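Sequences listed follow chains U and A, in order.
Quick note: the first sequence uses the UniProt record's numbering, first residue 1, plus one each step.
Quick note: the second sequence uses the UniProt record's numbering, first residue 1, plus one each step.
Ideal Cβ placement from N, Cα and C applies to all residues, glycine included.
Quantities reported herein were computed from a predicted structural model and do not represent experimental measurements.
The block underneath contains the structure these notes are about, expressed in structure tokens.
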Amino acid sequence: MREANAPESPRTRRDLLAMIGTVAGAAVMYEAMTSLGHAAQSTYRGPIRLEGDARGASVLILGAGLTGLVAAIELRKAGYKVEVLEYQNRAGGRCWTIRGGDTYTELGGATQRCAFDRGLYFNPGPWRIPYNHSAILDYCRRYGVALEPFVQVNHNAWLHNTHAFGGKPQRFREVQADFIGHTSELLAKVARQDRLDGEVTRDDREALLAALQRWGALDRDYAYRESLLTSERRGFARDPGGGPDGAPKLAGPLDMRELMRSGLWRYLANGMLYEFQTTMFQPVGGMDMIAQALFHALGPEVVRFGRKVTEIGQSESGVTVAHVDARQGGEPLTSGADWCLCTIPLTVLSQTKMAVGPRMRAAIDAISYDASAKVGLQFRRRFWEEDEAIFGGVSYTDLPISQISYPSSGFLSGGKGVLLGAYPYGGVHAYELTALPPEERVRRAVEWGAQLHPRQYREEFETGISVGWHRVPWALGCAGHWTGALRDEHYADLCAMDGRLLLAGEHASHLPAWQEGAILSSLDAVSRLHRRVVGG
Amino acid sequence: MRRNRILLAMMAAAAGGDLALAQPREAPYAARPKVEARDGAGVYRAMCQGCHMPDGRGAAGAAAYPSLANNPKLAVAGYPLALVLKGQRAMPAVGAFLDDEQVAAVVGFIRTHFGNDYREAVAAADVGAMR
Numbered sequence: 001m002r003e004a005n006a007p008e009s010p011r012t013r014r015d016l017l018a019m020i021g022t023v024a025g026a027a028v029m030y031e032a033m034t035s036l037g038h039a040a041q042s043t044y045r046g047p048i049r050l051e052g053d054a055r056g057a058s059v060l061i062l063g064a065g066l067t068g069l070v071a072a073i074e075l076r077k078a079g080y081k082v083e084v085l086e087y088q089n090r091a092g093g094r095c096w097t098i099r100g101g102d103t104y105t106e107l108g109g110a111t112q113r114c115a116f117d118r119g120l121y122f123n124p125g126p127w128r129i130p131y132n133h134s135a136i137l138d139y140c141r142r143y144g145v146a147l148e149p150f151v152q153v154n155h156n157a158w159l160h161n162t163h164a165f166g167g168k169p170q171r172f173r174e175v176q177a178d179f180i181g182h183t184s185e186l187l188a189k190v191a192r193q194d195r196l197d198g199e200v201t202r203d204d205r206e207a208l209l210a211a212l213q214r215w216g217a218l219d220r221d222y223a224y225r226e227s228l229l230t231s232e233r234r235g236f237a238r239d240p241g242g243g244p245d246g247a248p249k250l251a252g253p254l255d256m257r258e259l260m261r262s263g264l265w266r267y268l269a270n271g272m273l274y275e276f277q278t279t280m281f282q283p284v285g286g287m288d289m290i291a292q293a294l295f296h297a298l299g300p301e302v303v304r305f306g307r308k309v310t311e312i313g314q315s316e317s318g319v320t321v322a323h324v325d326a327r328q329g330g331e332p333l334t335s336g337a338d339w340c341l342c343t344i345p346l347t348v349l350s351q352t353k354m355a356v357g358p359r360m361r362a363a364i365d366a367i368s369y370d371a372s373a374k375v376g377l378q379f380r381r382r383f384w385e386e387d388e389a390i391f392g393g394v395s396y397t398d399l400p401i402s403q404i405s406y407p408s409s410g411f412l413s414g415g416k417g418v419l420l421g422a423y424p425y426g427g428v429h430a431y432e433l434t435a436l437p438p439e440e441r442v443r444r445a446v447e448w449g450a451q452l453h454p455r456q457y458r459e460e461f462e463t464g465i466s467v468g469w470h471r472v473p474w475a476l477g478c479a480g481h482w483t484g485a486l487r488d489e490h491y492a493d494l495c496a497m498d499g500r501l502l503l504a505g506e507h508a509s510h511l512p513a514w515q516e517g518a519i520l521s522s523l524d525a526v527s528r529l530h531r532r533v534v535g536g
Numbered sequence: 001m002r003r004n005r006i007l008l009a010m011m012a013a014a015a016g017g018d019l020a021l022a023q024p025r026e027a028p029y030a031a032r033p034k035v036e037a038r039d040g041a042g043v044y045r046a047m048c049q050g051c052h053m054p055d056g057r058g059a060a061g062a063a064a065y066p067s068l069a070n071n072p073k074l075a076v077a078g079y080p081l082a083l084v085l086k087g088q089r090a091m092p093a094v095g096a097f098l099d100d101e102q103v104a105a106v107v108g109f110i111r112t113h114f115g116n117d118y119r120e121a122v123a124a125a126d127v128g129a130m131r
């Protein structure tokens, strides 16, 4: 920052802020910063403004997922002629919700008919929105998509390792309180023995000990042990009640060695991740409410459904895309435009004939897609709420299902409920689950989940549906798998405009697998395209 | 970029799958889930048939998974071996989830099944050399 007695005419916003800071104090400066949009971390800068004359230029958009829908809406608003080609018979792509009565046929030919009751649903793809994903939240706001809280962290959910604590799941709150308590006690012991050497001064040591005592629920001897103090963190063997017999019964900590060896502490950090911190959101009624809202805002006539792109050609004057009926094949039709925005997943593009340079081709061919699978299970009653006081959130396990997520809405509504009964991502279990026939995925999800909810899973299960992402006919995988090395080598080439064509989607963002990545990529691509058009 | 690897690891951890336990007696918290099967058929069932299908014939949607059946490209063992270890286009480098013996076993399996009859075995040492 510049010095306080800077010259009177500030040239940059920074100078201005420095002046405001000097003259008016920090609070006013902070207010000025937020109103200038500098305190917000997101790269989303509010509704896009494509200024200048598009001169009737036309854009052919391939794919009607969120990327394509957002691009089509914004380009139409800016005066472009827009046509969208979509392989499926619905808009939204991976922004997808399955409800009772829906059918889904996966690669290999297996067809499932969802038998969920009315009002119950399952999001096979994205299912939660972080508070810091400003772009998608703004599209929800602008297009009237109702949001509700998505519960990520639930202190009363289970953490489970089949090989620890005799295979018995442990409460999140107990693992968290005891892990923090035990480690705080250890650190306090070392600090009090002056074995931190030069790490802390004598004064700092007192502050550290006070912090550990408070943070870890340690007693006056800096010990973590069964007490009212620790039960107020981890919970009670019997909760406090009323009347003469209402005294609570305390519950002692888990054994430290066993807790450390269990590995259950690994799950504690999930909710600390920026993208999983409170508050998270979900659209009321299913994730595809976003896709539906955008599709209707765009106008259904703009999208041609059931078209499979077979070749993307371009010349100095325009683009030509050949496409066939996605079910029947047959003679190709061609669509032409001045420009092309291609949002097709790279798994598909790597097999599509395209007139692009070797660098974009290499980038397309370099990215494989992660494996992931989900299973939705309907139960006769919401036993997790009625029997176990688990309201939303996630139980984690080392079983191949990886996690069970309880619905974040309809609490204590008395009827049936659908929970997410399996969601392995990226690892061996995701491949293994995908490789099973759909009904077998469901059967095993019930069997494995019964290790966390033994009685109710067996008695209350009704029907389920499963999606393995490598078997999804129009995606052939879950999301672009980027490593640091791949990004260094190919990312710029993937995003660069090639003649009259450019790519967009979650794969062309630094937020792989997130809808926010799809939208930010879309807005960026549209902006660059527009600059090119207006610039001549 | 280190940040990305960390991010991916975190996402996997958040999803709960990537860091789950297999062998609890040795440092449980460090273990990653492994494919349990040691034989080629079992490894194929776990890691390959999600895409190439139980009958090895692949499948086609917006794009296709190639058929392994009666496939002359499998005549040279180095070809499927390289694909398993390095991946190609949409195909992930699934060898990262397998040890050398499992890779050798699954390559041997696809070269002697689905109408293929290429019998010379792949040695685990060859796998290690190509990684």
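- Taking the beta carbon of U:E506 as reference, no residue of chain A falls within 8 Å; the closest one sits roughly 13 Å away.
- U:Y87 and U:A251 have their C-alpha atoms some 57 Å from each other.
- A:F109 has a beta carbon lying at 8 Å or more from every beta carbon in chain U.
- The beta carbon of A:M130 sits no closer than 8 Å to any beta carbon of chain U.
- Below 8 Å, too few C-beta pairs join the region 405-424 of chain U and the region 166-185 of chain U to call them touching: fewer than three.
- Scanning the UniProt domain "Cytochrome c" (35-114) of chain A from its first residue to its last, the whole alpha helix (DSSP H) runs of 4-plus residues come out as 40-47, 49-52, 78-86 and 100-111.
- Per DSSP, reduced to three states, the secondary structure at U:C342 is strand.
- Within a 10 Å sphere around the beta-carbon of U:K308 sit 16 or more other beta-carbons, which makes this residue buried.
- For U:T320, none of the residues of chain A pass the 7 Å Cβ criterion, the least Cβ distance being about 20 Å.
- In the assembly as shown, U:M272 is an exposed residue. Its beta-carbon has fewer than 16 other beta-carbons within 10 Å.
- Inter-residue distance for A:G50 and U:R113 is about 20 Å (C-alpha atoms, whole angstroms).
- With respect to chain U, the C-beta atom of A:R45 has a partner C-beta closer than 8 Å.
- For the region 399-431 of chain U, the set of residues with a beta-carbon nearer than 7 Å to any beta-carbon of chain A comprises S402, Q403, Y423, P424, Y425, G426, G427, V428, H429, A430 and Y431, in chain order.
- Listed by position along chain U, the residues whose Cβ is nearer than 7 Å to that of A:G56 form an empty set, because the closest Cβ is around 12 Å away.
- Taking a Cβ-Cβ threshold of 7 Å, the residues of chain A close to U:H470 are G50 and C51, in chain order.
- Runs of the alpha helix (DSSP H) spanning 4 or more residues and lying entirely within the region 105-156 of chain U occur at 134-142, in chain order.
- Check the Cα spacing between U:G144 and each of U:P283, U:A57 and U:I61: the tightest is with U:P283.
- Beyond the five residues adjoining it in sequence on each side, U:R233 comes within less than 6 Å, by CB distance, of A177 and A217 in the same chain, given in chain order.
- Between U:G329 and U:D370, the C-beta spacing is not below 8 Å.
- The straight-line gap separating the alpha-carbon atoms of U:P438 and U:A110 is approximately 7 Å.
- Boundaries cannot be given for U:L436, as no beta strand (DSSP E) includes it and DSSP labels it neither H nor E.
- CA-to-CA, the gap between U:R266 and A:V76 works out to about 44 Å.
- Neighbourhood of A:P80 in chain U, by CB distance below 8 Å: empty, with the nearest CB roughly 16 Å away.
- Looking at the DSSP output, U:Q456 bridges to nothing.
- Boundaries of the beta strand (DSSP E) around U:E331: G329 to A337.
- For the C-beta of U:D178, not a single chain A residue is nearer than 7 Å; the gap to the nearest is close to 16 Å.
- Within chain U, the residues placing a beta-carbon under 9 Å from that of A:K34 are V428, ordered along the chain.
- Residue environment analysis places U:D387 among the exposed positions, since fewer than 16 neighbouring C-beta atoms fall within 10 angstroms of its C-beta.
- With 16 or more other Cβ atoms inside 10 Å of its own Cβ, U:L107 counts as buried.
- Proximity of A:F97 to chain U, defined by a Cβ-Cβ separation below 8 Å, is satisfied.
- With its beta carbon at least 8 Å from every one in chain A, U:T310 lies outside the interface.
- Distance check between U:R487 and each of U:G68, U:A362, U:D498 and U:R205 places U:A362 closest, using alpha-carbon atoms only.
- A straight line joining the alpha-carbon of U:R171 with that of A:E36 spans about 29 Å.
- Contacts with chain U at 8 Å (Cβ-Cβ) do not include A:G42.
- Ranked by Cα distance from U:L147, the first of U:G285, U:D365, U:Q314 and U:W339 is U:G285.
- Going by DSSP, U:P248 is part of no beta strand (DSSP E) at all; its letter is neither H nor E.
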